[in-house]
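*Asks:* Mind the numbering: the sequence shown is residues 4 to 254 in our numbering, read in order. From the three backbone atoms N, C-alpha and C, an ideal C-beta is built for every residue, glycine too.
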Amino acid sequence: MNEDSEQATPEDDEIEDEIEGVKVRGKKDQIERLKNERLMHADYTRKTQDVAVDRRQLAADRQQQEQIEQFKQQNFQMASHLQNIDQRLAQFNGIDWSSLETQQAIALDNQRRQLQSEREQLRSALAQRHGQFTQWQQNESAKKLSEGTRVLQREIPGWGPELAGELSKFALARGYSEQFLANLSEPRLIVDLYEHYKQSKTREAATKKPVVTQDKPVTRVEASKGRASVDPEKMSTDEWLRWRNKTKRVA
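(1) Which same chain residues, not among the five before or five after V154, have their C-beta less than 6 Å away from its C-beta?
(2) The ligand COA heavy atoms versus the CB of Q70: any closer than 7 Å?
(3) By Cβ distance below 8 Å, which residues in the same chain neighbour Y200 in space, the five residues on each side in sequence not counted?
(4) Inspect the beta-carbon positions of L118 and H84 and report whether they are closer than 8 Å.
(5) Assign I159 to one of two classes, buried (16 or more other C-beta atoms within 10 Å of its C-beta) or exposed (fewer than that).
(6) In whole angstroms, what separates the C-alpha of I98 from that of L111?
(7) Name the two residues that bound the continuous alpha helix (DSSP H) containing W139.
(8) Measuring CB to CB, does S92 end up less than 8 Å from R116?
(9) Quick check on G178: does DSSP put it in helix, strand or coil?
(10) What first and last residue would you give for the alpha helix (DSSP H) that runs through K211?
(11) Is it buried or exposed, I18, if we count other Cβ atoms within 10 angstroms and call 16 or more buried?
(12) Looking only at its chain, what residues have a beta carbon closer than 7 Å to the beta carbon of A128, apart from the 5 residues adjacent to it on each side?
(13) When you compare only the Cα positions, how much space is there between L42 and R59?
(14) Assuming R132 and N78 make a contact with CB atoms under 8 Å, what is their CB distance in whole Å?
(15) DSSP on I18, reduced to helix/strand/coil?
(16) Exposed or buried, which one is W162 when buried takes at least 16 other CB atoms within 10 Å?
(17) Please state the DSSP three-state secondary structure of G163.
(18) DSSP state of V224, grouped into three classes?
(19) For R223, count the other beta carbons within 10 Å of its own beta carbon; 16 or more makes it buried, fewer makes it exposed. Which is it?
(20) In whole angstroms, what is the alpha-carbon distance linking S120 and Q86?
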């Protein structure tokens, strides 16, 4: 063995890499295993967070739905009361006011006026509640749209109008409705659709026949058996003399 040769040390088999912003050194298989473990941990963490977010969202949606039902029930009660007032006011139309004593007529007229005032208050309150509910619905729609877009931009690389159009075509071709992509209140459905879209593109690329390019034929250069076409003006003096003598002999 050559005495000048150096024996391989364990450090020679080690590589240096960066994992989550931290430089580490070790054998290649150890580094790869550590990377995979970190990726699995990150994936598990993300899924756990997603489950927690989904649970919180589910609880918030349930509470919101209960509030909506309570709001609708209150509106129903107010509308029923308004209908009852209208029926009572209609009874005054059948009264023969001329046959009533003055005090009796005054008392009935006061009742009618009180019912009319209560009726106007109820109508105004119902109109106001309807406006508030409409505004709340618009705000919630805008909020869900913004949250849905934020999720899609985080989960889908390059999310935008162009990719949304591609997914829309993909969804329509598979029987989804035209309103499917517009339902950003459930962005997870769009993310799942994107995963199917990617798989479809991968299968399409795998089954696509590669374009065969025709190789240009190689031109073989062979020595000519006849006379070579040489320009005498480009020859040196010695070359010209040899060429001249050869020409004379052939002639």
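*Replies:* The structure says:
(1) Numbered from its first residue, the sequence shown carries residue 154 at position 151. The answer, listed in chain order, is P190.
(2) The ligand COA is absent from the structure shown, which contains no ligand whatsoever.
(3) On the sequence shown, position 197 is the one that residue 200 refers to. E169, L170 and F173.
(4) Position 115 of the sequence shown, counted from the first residue, corresponds to residue 118. Position 81 of the sequence shown, counted from the first residue, corresponds to residue 84. No.
(5) Taking the first residue of the sequence shown as position 1, residue 159 is located at position 156. Classification of I159: buried, given that the 10 Å Cβ count is 16 or more.
(6) Locating residue 98 in the sequence shown gives position 95, counting from the first residue. Locating residue 111 in the sequence shown gives position 108, counting from the first residue. For I98 and L111, the distance between alpha carbons rounds to 10 Å.
(7) Indexing the sequence shown from 1 puts residue 139 at position 136. Segment T105 to E158, the alpha helix (DSSP H) holding W139.
(8) As a first step, residue 92 is located in the sequence shown; it is residue number 89 there, counting from the start. As a first step, residue 116 is located in the sequence shown; it is residue number 113 there, counting from the start. Correcting the residue identity first, residue 92 is Leu in this sequence and not Ser. Contact flag unset, no.
(9) Position 175 of the sequence shown, counted from the start, is the residue given in the question as residue 178. The answer is coil: DSSP assigns G178 none of H, G, I, E or B.
(10) For this step, residue 211 is matched to residue 208 along the sequence shown. From DSSP, K211 is part of no alpha helix (DSSP H); its letter is neither H nor E.
(11) What you label residue 18 is simply residue 15 of the sequence shown in a count that begins at 1. Exposed, because fewer than 16 other Cβ atoms sit within 10 Å of the Cβ of I18.
(12) Counting from one through the sequence shown, the residue named residue 128 turns up at place 125. Same-chain partners within the cutoff: M81.
(13) Taking the sequence shown and counting its residues from 1, the one referred to as residue 42 is at position 39. Taking the sequence shown and counting its residues from 1, the one referred to as residue 59 is at position 56. So the two alpha carbons sit approximately 26 Å from each other.
(14) On the sequence shown, residue 132 is found 129 positions in, with the first residue counted as 1. On the sequence shown, residue 78 is found 75 positions in, with the first residue counted as 1. Correct: roughly 6 Å between the Cβ atoms.
(15) Your numbering for residue 18 matches position 15 in the sequence shown. In the structure shown, I18 sits in a strand (DSSP, three-state: E or B).
(16) For the purposes of this step, residue 162 is taken as residue 159 along the sequence shown, with counting starting at 1. W162 is buried by the Cβ-count criterion.
(17) Your numbering for residue 163 matches position 160 in the sequence shown. Coil, per DSSP.
(18) As a first step, residue 224 must be located in the sequence shown, where it is residue number 221. Any reading at V224 must be qualified, since the residue scores a pLDDT of 41, below 50, and its modelled position is unreliable; the value itself is stated next. Coil.
(19) Along the sequence shown, read from residue 1 onward, the residue named residue 223 stands at position 220. Any reading at R223 needs caution, since the residue's pLDDT is 47, under 50, leaving its predicted position unreliable; the model's value is listed next. Result: exposed.
(20) Looking up residue 120 in the sequence shown gives position 117. Looking up residue 86 in the sequence shown gives position 83. So the two alpha carbons sit approximately 14 Å from each other.
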